[in-house]
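Since the structure comes first, as structure tokens, the remarks are kept for the end.
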């Protein structure tokens with residue numbers, strides 16, 4: 762695969778294991794809000810400087826970085842749409858979070874049956890992520906080339922969302938997102 766054929770933006774709002782290579786481009790979302798309090802509190806100067814030093818920000822060119830509290834990661838996608846040349850004008854663009862990955866290593870999918878969804882969730886997202894993450898989850902040319910060359914469309918596996926109770930997400934949805942209708946959440950789960 763050509764290096765510029767695919768770019769995947771990896772959104773960050775605080776320091777974590779850096780996922781970065783010629784495919785994965787880390788982007789600091791909500792960079793213009795550094796002085797504003799968030800659900801995690803105010804970002805300290807060392808953490809902010811780490812983000813500045815290691816990734817692009819969603820606050821350059823045409824951007825909606827200041828709306829990150831309302832639109833979350835969509836500020837990164839808007840930025841990519843309006844500033845495409847800054848990531849090399851790739852043929853394909855993808856998106857993932859620094860702790861919610863695309864997984865190109867099929868073994869990682871096959872490790873769990875659908876009944877073990879909650880166990881898989883805990884292992885992947887609650888454990889400390891180490892520097893081997895790119896190889897473990899196939900976030901490198903070897904696995905990505907295989908997928909892109911073998912498949913016309915890449916879709917997520919069907920998941921039984923009712924099996925995953927992540928910090929009472931239904932209640933979080935109701936409490937933290939102004940103006941929502943809980944029926945929308947229930948429909949998504951169903």
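Numbering (this note's numbering), first residue to last: 762 to 951. Beta carbons: idealized from backbone N, C-alpha and C, even for Gly.
{"Check": "In the DSSP assignment, the alpha helix (DSSP H) including residue 789 goes from what residue to what residue?", "Outcome": "Where residue 789 is concerned, there is no enclosing alpha helix (DSSP H), although the beta strand (DSSP E) it sits in stretches over 785 to 789."}
{"Check": "In its own chain, which residues sit with a C-beta less than 6 Å from the C-beta of residue 837, not counting the 5 before and 5 after it?", "Outcome": "770, 772, 788, 790 and 819"}
{"Check": "Comparing C-alpha positions only, which one of 861, 936 and 853 sits nearest to residue 841?", "Outcome": "853"}
{"Check": "Select from 799, 902, 774 and 931 the residue whose C-alpha is nearest the C-alpha of residue 866.", "Outcome": "902"}
{"Check": "Select from 896, 766, 939 and 930 the residue whose C-alpha is nearest the C-alpha of residue 947.", "Outcome": "930"}
{"Check": "Kindly indicate which residue of 951, 897 and 851 has the alpha-carbon position closest to the one of residue 784.", "Outcome": "851"}
{"Check": "Output needed for residue 934: all residues of its chain with C-beta closer than 8 Å, excluding positions within five of it in sequence on either side, in chain order.", "Outcome": "941, 943 and 946"}
{"Check": "Start and end of the beta strand (DSSP E) containing residue 772?", "Outcome": "767 to 773"}
{"Check": "Considering only C-alpha positions, which residue in the set 797, 849, 780 and 912 is nearest to residue 861?", "Outcome": "780"}
{"Check": "With residue 853 as the anchor, note down where its beta strand (DSSP E) starts and where it stops.", "Outcome": "853 to 858"}
{"Check": "Using beta-carbon positions only, say whether residue 864 and residue 768 come within less than 8 Å of one another.", "Outcome": "no"}
{"Check": "Give me the DSSP bridge partner(s) of residue 827.", "Outcome": "Residue 827 pairs with nothing; no bridge assigned."}
{"Check": "What is the DSSP secondary structure of residue 848, counted as helix, strand or coil?", "Outcome": "helix"}
{"Check": "Which of helix, strand or coil does DSSP assign to residue 780?", "Outcome": "coil"}
{"Check": "CB residue 856 to CB residue 831, shorter than 8 Å?", "Outcome": "no"}
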